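This report refers to the structure that appears directly beneath it.
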Amino acid sequence: MKLKGTFFVLVSVLITECCLAQTSNANILPKGFMALFDGRTLKGWKAANMDWWTVKDGAITAEITSEKPCKDNQYLFSEYGVMEDFELRLTHRLVSEHNVNGGFQFRSEHYEGDDCKGYQVDNNTKTDWLVRLYDEFGRHTLAHRGKKTVFDEDGNRCTTNLKKTLKDPHFELGDWHDYILICKGDKLTLYVNGVLVAKVIDNDLKNKDVSGLLALQLHSGKPMLVQFKNIWFKKL
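All letters in the sequence shown, in the order written, are residues 25 to 260 by the numbering used here.
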């Protein structure tokens with residue numbers, strides 16, 4: 025009887041350890057990646073106005089409320105430096121009952137003081153497409169969710185549907201969702217929760233961005249909460 029009890033205790037301990045291991049492994053860096061956010065502090069990140077940015081529940085957080093309105097876009101820049109060809113993975117959510125947008129900049133640059141110019145992953149609530157590849161202060165929409173756009177050297181665009189395009193989005197902006205962004209040469213490829221959602225081949229000699237900075241955005245407007253975590257980067 026004593027051995028039987030000991031057996032059940034051992035089994036219970038093993039099950040508990042297994043569950044803890046699975047939980048702790050959930051956020052382990054993939055091979056070849058580096059973490060740009062430590063999950064606790066804003067070390068390695070800088071904004072013109074740091075009052076908008078904090079760490080809450082293990083995520084970089086910014087919030088607009090009726091008591092604290094935001095009249096100008098806010099950007100939190102990674103101090104990693106210039107990025108050229110890379111794979112970026114991050115987990116994000118944008119929570120609001122209003123029609124708002126937000127996202128993150130890549131291969132971008134400081135622009136007119138505190139603003140930011142260049143490529144962007146742009147999220148928009150209350151739209152059919154929810155996410156797009158965008159060119160801030162440039163050509164605007166590059167490719168909506170479900171689209172592939174090819175720009176020729178003169179800037180002419182040809183947009184087509186991606187194969188296996190989903191009519192309805194498979195994610196909610198208000199829920200945590202995972203981005204994978206791959207930038208290699210002229211090719212920009214975006215996945216959400218493992219599904220290819222937008223692609224751009226940018227041969228536009230005048231307007232394409234071949235390198236630049238990474239920045240998280242809090243877009244001015246109505247009350248919203250934006251959060252980012254598990255920000256992982258690999259140079260290609």
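Even for Gly, the Cβ is constructed at its ideal location relative to N, Cα and C. On a predicted model such as this, the values are computed, not experimentally measured, just so you know.
No Cβ-Cβ contact shorter than 8 Å links Trp200 with Thr65. Distance from the Cα of Ile88 is smallest, within the candidate group Gly142, Glu111, Gln241 and Trp69, for Gln241.
Per DSSP, the continuous beta strand (DSSP E) segment holding Asn147 begins and ends at Asp139 to Asn148. For Asn254, the enclosing beta strand (DSSP E) starts and ends at Met248 to Lys259.
Taking 8 Å as the cut-off, the beta carbon of Ala239 is found no closer than this to the beta carbon of His168. Classified as buried, Asn147 has 16 or more neighbouring CB atoms from the shown chains inside 10 Å of its CB.
A residue is called buried once 16 or more other Cβ atoms fall within 10 Å of its Cβ, and Gly56, having fewer, is exposed.
Membership of Val224 in the beta strand (DSSP E) is indicated by the continuous run Val219 to Asp226.
The region 148-225 is shown to contain whole beta strand (DSSP E) runs of 3 or more residues at 155-160, 164-168, 171-175, 181-185, 201-208 and 211-216, in chain order. Lys67 and Glu111 have their alpha carbons spaced roughly 21 Å apart.
Sequence-distant Cβ neighbours of Pro247 in its own chain, meaning closer than 7 Å and more than five residues away, are Ile88, Thr89, Ser90, Ser120 and His122. Counting C-beta atoms within 10 angstroms of its own C-beta, Glu160 has 16 or more neighbours from the protein chains shown and is therefore classed as buried. In this structure, DSSP gives Trp77 a state outside helix and strand, which the three-state scheme calls coil. Secondary structure note for Asn125: its beta strand (DSSP E) is the uninterrupted segment Asn125 to Tyr135. Rounded to the nearest whole angstrom, the C-alpha separation of Asp178 and Arg163 is 13 Å. Separation of the CB atoms of Ser132 and Leu60 is rounded to 15 Å, and the pair is thereby denied contact status at 8 Å. When C-alpha distances from Gln251 are compared across Thr213, Pro54, Trp76 and Gln144, the shortest belongs to Trp76. Rounded to whole angstroms, Lys258 and Asp226 show a C-alpha spacing of 21 Å. In terms of Cβ geometry, Gly198 and Leu118 form a close pair [threshold 8 Å].
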